[in-house]
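Peer 1: Starting off with a structure, shown below.
Residue numbers (the UniProt record's numbering): 1 to 349.
Right under this line is the structure:
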């Protein structure tokens with residue numbers, strides 16, 4: 001995956017340089033690793049900060065920072081990870097949107113403190129998607145997962161993590177290289193557009209559409225409440241008595257017993273069981289996708305682990321502040337432990 005001499009012009013146009021010896025990393029391998037991280041998180045039953053932290057530490061994803069240790073290579077290198085992570089904000093699945101926020105959050109705040117911290121370049125389209133998700137998270141009271149992700153985004157905004165640009169890609173300045181790679185870059189741009197479309201129309205949506213699931217839950221909850229009220233009426237035990245006599249020839253006269261029979265029958269069954277069946281099907285799809293991705297191991301960690309272990313200078317890694325704790329207290333701007341004061345050229349809410 002680490003190439004000094006790309007096998008084709010298309011590969012050469014899609015290589016991210018990682019050191020001064022002109023070695024590069026193919027961008028699809030970065031996308032694969034980020035997809036593995038996101039899928040590992042979404043395959044969890046819950047989608048909280050601690051679940052993403054577990055996926056991050058399980059994959060030892062913090063080792064990506066040792067992939068490019070030269071300061072001139074790190075902006076382009078980290079931006080490739082930022083672009084891969086932010087692309088999931090286009091998904092129609094809330095869990096993947098949460099994963100996009102946490103991916104940016106963890107990569108940004110886990111940068112070693114001995115190096116300059118590089119910001120996240122975002123174009124207007126991506127920024128609008130991120131900010132809309134943030135606003136919706138503050139207003140969403142149905143689940144705390146969305147709200148905690150919104151707090152993580154709020155902290156990045158306050159700390160000046162975002163750099164607003166027209167285009168996120170850091171293009172080469174050599175005019176001959178630009179001309180030589182023009183057709184290949186146009187093809188890569190088309191492929192990226194198709195990938196974004198696929199992300200926004202994920203196959204899991206066939207089993208679980210968030211908007212439709214919410215509407216179905218509201219209807220089933222209302223139907224369930226109506227059934228509970230019907231079971232509590234005076235006519236319900238009489239109906240249960242006739243049903244029991246017809247099916248078992250048993251005459252039951254106890255009102256509590258007859259009501260309990262109704263609650264345990266198909267009439268009293270929880271209508272949300274069907275929705276749970278759909279959720280289980282979606283979770284199985286995510287787990288099967290995770291198994292497929294795991295067959296191709298995370299591509300760069302062995303190399304990064306060797307770099308991190310053989311480094312003469314001890315590099316201290318920043319730890320992202322747990323958003324799960326911050327969610328229970330009023331938000332306030334905080335400095336990251338062990339990191340210099342954050343500054344930003346542009347910060348917006």
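From the three backbone atoms N, C-alpha and C, an ideal C-beta is built for every residue, glycine too.
(1) To the nearest whole angstrom, what separates the beta carbons of residue 149 and residue 219, a pair I think is in contact under 8 Å?
(2) Apart from the five residues on each side of it in sequence, which residues of its chain come closer than 8 Å, Cβ to Cβ, to residue 127?
(3) Let me confirm a value: residue 58 is counted as buried when at least 16 other C-beta atoms fall within 10 Å, else exposed. Which label applies?
(4) When we look at the beta-carbon of residue 20 and count the other beta-carbons within 10 Å, is it buried (16 or more) or exposed?
(5) From the DSSP output, in three-state form, read off residue 137 for me.
(6) Check whether the Cβ atoms of residue 16 and residue 76 lie closer than 8 Å to each other.
(7) Out of 243, 136, 63 and 186, which one is the CA nearest neighbour of residue 110?
(8) Indicate the three-state DSSP secondary structure (helix, strand or coil) for residue 164 in the structure shown.
(9) Would you say the beta carbon of residue 250 is closer than 7 Å to some non-hydrogen atom of the ligand PLP?
(10) For residue 44, collect the residues of the same chain with a Cβ closer than 6 Å to its Cβ; drop the 5 residues on either side in sequence, then sort them by chain order.
(11) By the three-class DSSP mapping on this structure, what secondary structure does residue 67 have?
(12) What's the gap between the Cα of residue 93 and the Cα of residue 146?
(13) Does DSSP put residue 340 in a helix, in a strand, or in coil?
(14) Does residue 23 come out as helix, strand or coil in the three-state DSSP assignment?
(15) Within the continuous alpha helix (DSSP H) that includes residue 101, where are the two ends?
(16) Roughly how many whole angstroms lie between the Cα atoms of residue 131 and residue 160?
(17) Alpha carbon to alpha carbon, how far is residue 38 from residue 56? Give it in angstroms, no decimals.
(18) In its own chain, which residues sit with a C-beta less than 8 Å from the C-beta of residue 324, not counting the 5 before and 5 after it?
(19) So what does DSSP say about residue 196, is it helix, strand or coil?
(20) What is the DSSP secondary structure of residue 38, counted as helix, strand or coil?
(21) When you compare the CB positions of residue 107 and residue 100, do they come within less than 8 Å of one another, or not?
(22) Going by CA-CA distance only, name the one from 22, 241, 249 and 28 that's closest to residue 260.
(23) Can you tell me whether residue 78 is buried or exposed? The criterion is at least 16 other CB atoms within 10 Å of its CB, across all chains shown.
(24) Measure how close the beta-carbons of residue 158 and residue 122 come, nearest whole angstrom, since I'm counting them as under 8 Å.
(25) Per DSSP, what are the beta-bridge partners of residue 120 in this structure?
(26) Can you tell which of 249, 23 and 196 has its C-alpha closest to the C-alpha of residue 70?
(27) Given this structure, state the Cα-to-Cα distance separating residue 18 from residue 280, to the nearest angstrom.
(28) Which one or two residues does DSSP pair with residue 15 in a beta bridge?
(29) Could you tell me the alpha carbon to alpha carbon distance between residue 187 and residue 14, rounded to whole angstroms?
(30) If residue 84 and residue 31 are in contact, beta carbons under 8 Å, what's the gap, nearest whole angstrom?
Peer 2: So, from the data block:
(1) At roughly 27 Å, the Cβ-Cβ gap does not stay under 8 Å, so residue 149 and residue 219 are not in contact.
(2) 162 and 164
(3) Here residue 58 is exposed, its C-beta having fewer than 16 other C-beta atoms within 10 Å.
(4) Counting other Cβ atoms within 10 Å of its Cβ, residue 20 stays below 16 and is therefore classed as exposed.
(5) helix
(6) yes
(7) With distances taken between Cα atoms, residue 110 lies closest to 63.
(8) strand
(9) No copy of the ligand PLP occurs in the structure displayed, which carries no ligand at all.
(10) 51
(11) Residue 67 falls in the coil class under three-state DSSP.
(12) Answer to the nearest angstrom: the Cα atoms are 12 Å apart.
(13) Reliability of the predicted coordinates at residue 340 is poor, the pLDDT of 35 falling under 50, and the value obtained from them is presented with this limitation in mind. When secondary structure is reduced to three states using DSSP, residue 340 falls in the coil class, being assigned neither helix nor strand.
(14) DSSP places residue 23 outside both helix and strand once states are collapsed to three, so it counts as coil.
(15) 94-109
(16) 14 Å
(17) The C-alpha of residue 38 is placed about 9 Å away from the C-alpha of residue 56.
(18) Low local confidence applies: a pLDDT of 46 at residue 324 is under 50, so the model's placement there is unreliable, with the coordinate-based value given in what follows. Closer than 8 Å at the Cβ level, and outside the excluded window around residue 324, lie 48, 49, 50 and 148.
(19) helix
(20) In this structure, residue 38 counts as helix in the three-state DSSP scheme.
(21) no
(22) It is 241 whose Cα lies nearest to the Cα of residue 260.
(23) Result: buried.
(24) 16 Å between Cβ atoms; not a contact.
(25) Bridge partners of residue 120: 162.
(26) 23
(27) Spanning the two alpha carbons is a distance of roughly 41 Å.
(28) 26
(29) 10 Å
(30) 5 Å
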